[in-house]
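>
Number of protein chains: 2
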Amino acid sequence: MADKDALSMRDAALAGRRASAGALAGASSPAGVTLTDVAREAGVGESTASRVLRSHGSFSSKTRASVLEAAARLGYVPNRIAGSLASTGSKLVGIIVPSLANIVFPDLLRGANSVLGKAGFQSVIGVTDYDLEGEEALISSLLSWRPAGLLVAGLEHTPRADAMLRGAGIRIIEMLDTDGTGIDMVVGFSNREAGRAGARHLIARGYRRIGYVGHDLALDLRAAKRFEGFRAALAEAGLQVAGQVIASVPSSIAAGRDALARILGETRDLDAVYFSNDDMAIGGYFLCLSRGISIPDRLALFGHNGLEVARCVPQPLSTIRTPRVEVGEASARLISSDGPPAVITLDFELIEGATT
Amino acid sequence: MADKDALSMRDAALAGRRASAGALAGASSPAGVTLTDVAREAGVGESTASRVLRSHGSFSSKTRASVLEAAARLGYVPNRIAGSLASTGSKLVGIIVPSLANIVFPDLLRGANSVLGKAGFQSVIGVTDYDLEGEEALISSLLSWRPAGLLVAGLEHTPRADAMLRGAGIRIIEMLDTDGTGIDMVVGFSNREAGRAGARHLIARGYRRIGYVGHDLALDLRAAKRFEGFRAALAEAGLQVAGQVIASVPSSIAAGRDALARILGETRDLDAVYFSNDDMAIGGYFLCLSRGISIPDRLALFGHNGLEVARCVPQPLSTIRTPRVEVGEASARLISSDGPPAVITLDFELIEGATT
DNA sequence: GTAGAACATGGCAGCGCTGCCATCAGGACA
DNA sequence: TGTCCTGATGGCAGCGCTGCCATGTTCTAC
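Residue numbers (this note's numbering), protein chains in the order written: chain A, 7 to 362; chain B, 7 to 362.
1. If you run the structure through DSSP and keep just helix, strand and coil, what is I178/B?
2. Measure the CB-CB distance between E139/B and P104/B and report whether it falls below 9 Å.
3. Taking the alpha-carbon of L161/A as reference, which of T187/A, R152/A, I178/A has the nearest alpha-carbon?
4. For L106/B and chain A, any beta-carbon pair shorter than 9 Å?
5. Tell me whether the beta-carbon of G6/B lies closer than 9 Å to the beta-carbon of G155/B.
6. In chain B, which residues lie with their C-beta within 7 Å of the C-beta of I357/A?
7. If you measure between the beta carbons of V333/A and M191/A, is that distance less than 9 Å?
8. Between the region 227 to 246 of chain B and chain A, which residues of the former have CB atoms less than 7 Å from a CB of the latter, in chain order?
9. Tell me, to the nearest whole angstrom, how far the beta carbon of L340/A is from that of I288/A; I am working on the premise that it is less than 8 Å.
10. Among all the DSSP beta bridges, which residues are the ones paired with S324/B?
11. Identify which residue in I102/A, S147/A, Y136/A, L182/A has its Cα closest to the Cα of L352/A.
12. Excluding five sequence neighbours on each side, which residues of the same chain lie with their C-beta closer than 8 Å to the C-beta of Q246/A?
13. Just checking: is the beta-carbon of I301/A within a distance shorter than 9 Å of some beta-carbon in chain B?
14. Hey, quick one: how far does the beta strand (DSSP E) through V251/A stretch, first residue to last?
15. Does any residue of chain B have a CB that is nearer than 9 Å to the CB of R263/A?
16. Curious, which full-length alpha helix (DSSP H) runs of at least 4 residues does the region 219 to 259 of chain A contain?
17. Any beta carbon of chain A sitting closer than 9 Å to that of A55/B?
18. Going by beta-carbon coordinates alone, are S147/B and G132/B separated by less than 9 Å?
19. What does DSSP give as the partner residue(s) for A159/A in the beta ladder?
20. In three-state DSSP terms, what is V319/A?
21. Tell me, please, whether the CB atom of L148/A is closer than 9 Å to any CB atom in chain B?
22. Could you check if V279/A is buried or exposed, using at least 16 other CB atoms within 10 Å of its CB as the buried criterion?
23. Hey, could you find the ends of the alpha helix (DSSP H) E335/A is sitting in?
24. Would you call A92/A buried or exposed, if buried means 16 or more other Cβ atoms sit within 10 Å of its Cβ?
25. Report the rounded CA-to-CA distance for H310/A versus S282/A, giving the unit in angstroms.
26. If the criterion is Cβ atoms closer than 9 Å, does the pair A336/A and G63/A meet it?
27. Should P320/A be flagged as near chain B, meaning a C-beta pair shorter than 9 Å?
28. Which same chain residues, not among the five before or five after L227/B, have their C-beta less than 7 Å away from its C-beta?
29. Check the Cβ of G186/A against every Cβ in chain B and list those closer than 9 Å, keeping chain order.
30. Grouping DSSP H, G and I as helix and E and B as strand, with all else coil, what is L74/A?
31. Any beta carbon of chain A sitting closer than 9 Å to that of G81/B?
32. Which parts of the region 54 to 119 of chain B are runs of the alpha helix (DSSP H), unbroken and 4 residues or longer, counting only runs that do not cross its ends?
33. What number of angstroms, rounded off, separates the C-alpha of R95/B from the C-alpha of A338/A?
34. Measuring straight from C-alpha to C-alpha, what distance separates R152/A and R86/B?
35. For chain B, find out if any of its Cβ atoms is closer than 9 Å to the Cβ of E314/A; answer yes or no.
36. Got a sec? Which residues, its chain only, sit under 7 Å from L356/A by beta carbon, not counting five neighbours each side?
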């Protein structure tokens, strides 16, 4: 099927090139065609044309045909700015994420966007770079587009951002974190529990000198919560973090590799390392490969997220698969819901790979 | 100007902080505060309030203070829908990409979004899933928001999409591909040349039985162009593709791993494999690690994109670094440019890793 | 054959803002 | 002292569409 589609697409595309030039030349103005023009051309009233183009209300099939034809002939492109103003409700949905550099957030976006698209919404994105002040500015900016709803990653906001969200009068969905109090709807999982699960897994496998390798926790609040849960679970088992290195840069494979190198230099006899996420862990894994450190015999590695690369390395990484796409999808579905505020907790899954 | 705008808004926002809590309770509706309300509250005319809030035109500093204070007190959120309609020009920019699953496109988005954000634009995204019909629908949908410009990945479109783009009367930037004819502005690099460069590199290193491992070329038109260039360069050297496997799924690490396994089964004595991109190549690399196939002695690998993971594996992948973020940035900068149509070619860089 | 419902349609007032024009107070200048 | 210019301000007509209401028109049931 894919092949056939693609083939016909290609033909279509090629044909288009040739034909396009002449077509629009006839139209008076490029994007300046209004509903009034269409109505006049079709010989009907504005309201009727509007009804036909929105398939809303009643009209005869003859009218329908002539309006549609007129619209096509003029190359009419509806103006949703005007439509939204008139109907006071914009089919836009704002999505705010801290970063696009980590595949986690594109995954989230992907899930949300696919559901939103099908429901006729348009996603407007904002990237905070893990800066809550920036988030505040984005919220204010997005709100000015009078979106139908707002999806925001995380539960932490500045006081003003919080106030704006509460006062916005639209559905607000906070994503990826259930450790805290939400404003309206919350969709995610407990990072604290994820951290505990990782720790318990390592403990159950008999590891006792467990180190932590992380990235900037002051910025990545969810990673900080995992670390918290991780430490708590160690404490419950009478253990403590045997050593830690926290890179002061965003998480990345290179950062994980370098940070593991550092912790191995600083802390003797580690038998396992818990990483703030899979990017970092995979970096650690590569370091071990390079140095010939035997995994998991001499060192066990545990990550978080369940990225594809972590599943595909020769020894699949032990990690926790998080339902990122699903969180996006579920969040998007809530935009048009009218129920009371609620928290939706999706399960994460501990993957017992070959690195523990 | 953009900066000044932002500044005054910010002031307003800050002032609002303090007052908001109590004020909002008093305001009739949460987001229902209009410019008229602010003007009345401040004891000035609408136009004056509008001028102050946009830092546009002249007004006394006393007026400025009272308008800002009134806006803050009422928790005013400007309505850009109305603003855009009145000024016939929205600060929205549409960005259309084929996918979010491959980090290449989030990278592109990231570059574009960072520049656009600073210039006061809001990104509206659309994901086509590599489907040109879907792209057409998205273009039509995005155009209805009367964006200031549209960034689209790729040069190939359906005839209708092509016509819509040409007739939109806004800046259209086609990205990531310069092998073909653009509509307005084009920012990217030659995938064909990238393919040739890869082939020439392998040939120069003495490889002669070179295979190709790719993913669905009917969908990923740029990968197809690379393959084309790759074959052309081989032909110029009197060689041909020694064998090929094209996965009928989107590119992924797993797909690359499996496809390399297949080609090794099907084609004897390959000494190098050119992959459609780094994801696929890294999958191949992991297969070699698992099977103990010595790289590059028994098999050389070459990818495309220069992903982080490819740089961090024990033997850095030989590949071509593509300026994805830069393409996004450059494209975004063109949105507000008013020059004539042009093509901006950014350089890719061949990285001689350890796998060739 | 006719009331009443159900369909079809057009007119028009906004949605909240911006852009243009008109107005008016001062100061510079001859 | 009068003229002109500049700065500061308000009034108001739309931007293009939707929602409501009014006006036919056709159909159905008795």
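Glycine included, every Cβ here is placed at the ideal spot set by N, Cα and C.
With the given structure in hand:
1. On the second sequence, position 172 is the one that residue 178/B refers to. The answer is strand: DSSP assigns I178/B an E or B state.
2. Here residue 139/B corresponds to residue number 133 of the second sequence, with the count starting at 1. Here residue 104/B corresponds to residue number 98 of the second sequence, with the count starting at 1. No, these two residues do not count as a Cβ contact at 9 Å.
3. As a first step, residue 161/A must be located in the first sequence, where it is residue number 155. For L161/A, the nearest C-alpha among the options comes from T187/A.
4. As a first step, residue 106/B is located in the second sequence; it is residue number 100 there, counting from the start. Judged by the 9 Å Cβ criterion, L106/B is in contact with chain A.
5. Absent from the model: residue 6/B. The displayed extent of chain B is 7 to 362, so no value can be given.
6. Counted from its first residue, the first sequence places residue 357/A at position 351. What I357/A touches in chain B: nothing, since even the nearest Cβ is about 15 Å away.
7. Along the first sequence, one-based indexing puts residue 333/A at 327. Along the first sequence, one-based indexing puts residue 191/A at 185. Taking 9 Å as the Cβ cut-off, V333/A and M191/A do not qualify as a contacting pair.
8. none
9. In the first sequence, counting from the first residue as 1, residue 340/A sits at position 334. In the first sequence, counting from the first residue as 1, residue 288/A sits at position 282. Between I288/A and L340/A the Cβ distance is about 33 Å, and since that is not below 8 Å, they are no contact.
10. The residue given as residue 324/B occupies position 318 in the second sequence. In the DSSP output, where bridge partners are listed per residue, S324/B has F308/B.
11. Translated into the one-based positions of the first sequence, residue 352/A becomes position 346. With distances taken between Cα atoms, L352/A lies closest to L182/A.
12. Numbered from its first residue, the first sequence carries residue 246/A at position 240. The residues R237, L240, in chain order, have a CB closer than 8 Å to that of Q246/A in the same chain once the five nearest residues on each side in sequence are set aside.
13. As a working mapping, residue 301/A is identified with position 295 in the first sequence. Under the 9 Å criterion on CB atoms, I301/A is classed as non-interfacial with respect to chain B.
14. Counting from 1 along the first sequence, the entry for residue 251/A is found at position 245. Here the beta strand (DSSP E) through V251/A covers 249 to 252.
15. Here residue 263/A is taken as the residue at index 257 of the first sequence, counted from 1. R263/A counts as touching chain B.
16. 227 to 242
17. Translated into positions along the second sequence, residue 55/B becomes position 49. With 9 Å as the cut-off, A55/B does not count as an interface residue toward chain A.
18. Counting from one through the second sequence, the residue named residue 147/B turns up at place 141. Counting from one through the second sequence, the residue named residue 132/B turns up at place 126. Contact flag set, yes.
19. Position 153 of the first sequence holds residue 159/A. DSSP, once it has assigned bridges, lists M181/A as partnering A159/A.
20. Residue mapping note: residue 319/A aligns to position 313 of the first sequence, counting from 1. Reduced to three states, the DSSP call for V319/A is coil.
21. As a position in the first sequence, residue 148/A is number 142, starting the count at 1. Cβ-Cβ to chain B under 9 Å: yes for L148/A.
22. One-based indexing of the first sequence puts residue 279/A at position 273. Classification of V279/A: buried, given that the 10 Å Cβ count is 16 or more.
23. One-based indexing of the first sequence puts residue 335/A at position 329. Residues 330 to 341.
24. Residue numbering aside, residue 92/A sits at position 86 when the first sequence is read from its first letter. Label assigned to A92/A: exposed.
25. For the purposes of this step, residue 310/A is identified with residue 304 of the first sequence, where counting begins at 1. For the purposes of this step, residue 282/A is identified with residue 276 of the first sequence, where counting begins at 1. Using only the alpha carbons, I get a separation of about 7 Å.
26. Against the first sequence, residue 336/A aligns to sequence position 330. Against the first sequence, residue 63/A aligns to sequence position 57. Taking 9 Å as the Cβ cut-off, A336/A and G63/A do not qualify as a contacting pair.
27. Your numbering for residue 320/A matches position 314 in the first sequence. Cβ-Cβ to chain B under 9 Å: yes for P320/A.
28. As a working note, residue 227/B is residue 221 in the second sequence. Only G160, E162 meet the Cβ criterion.
29. Counting from one through the first sequence, the residue named residue 186/A turns up at place 180. None at all; the shortest Cβ gap to chain B is about 21 Å.
30. The residue labelled residue 74/A in the question sits at position 68 within the first sequence. Correct three-state label for L74/A: helix.
31. Taking the second sequence and counting its residues from 1, the one referred to as residue 81/B is at position 75. Closer than 9 Å: yes.
32. 67 to 80, 86 to 93
33. Indexing the second sequence from 1 puts residue 95/B at position 89. Indexing the first sequence from 1 puts residue 338/A at position 332. The sequence given here places Gly at residue 95/B; Arg does not occur at that position. Their Cα atoms are separated by approximately 28 Å.
34. As a working mapping, residue 152/A is identified with position 146 in the first sequence. As a working mapping, residue 86/B is identified with position 80 in the second sequence. Rounded to whole angstroms, R152/A to R86/B spans 8 Å at the Cα level.
35. As a working mapping, residue 314/A is identified with position 308 in the first sequence. Yes, its Cβ sits closer than 9 Å to a Cβ of chain B.
36. The residue you call residue 356/A lines up with position 350 of the first sequence. Excluding sequence neighbours, L356/A sits near A203, H207, I326.
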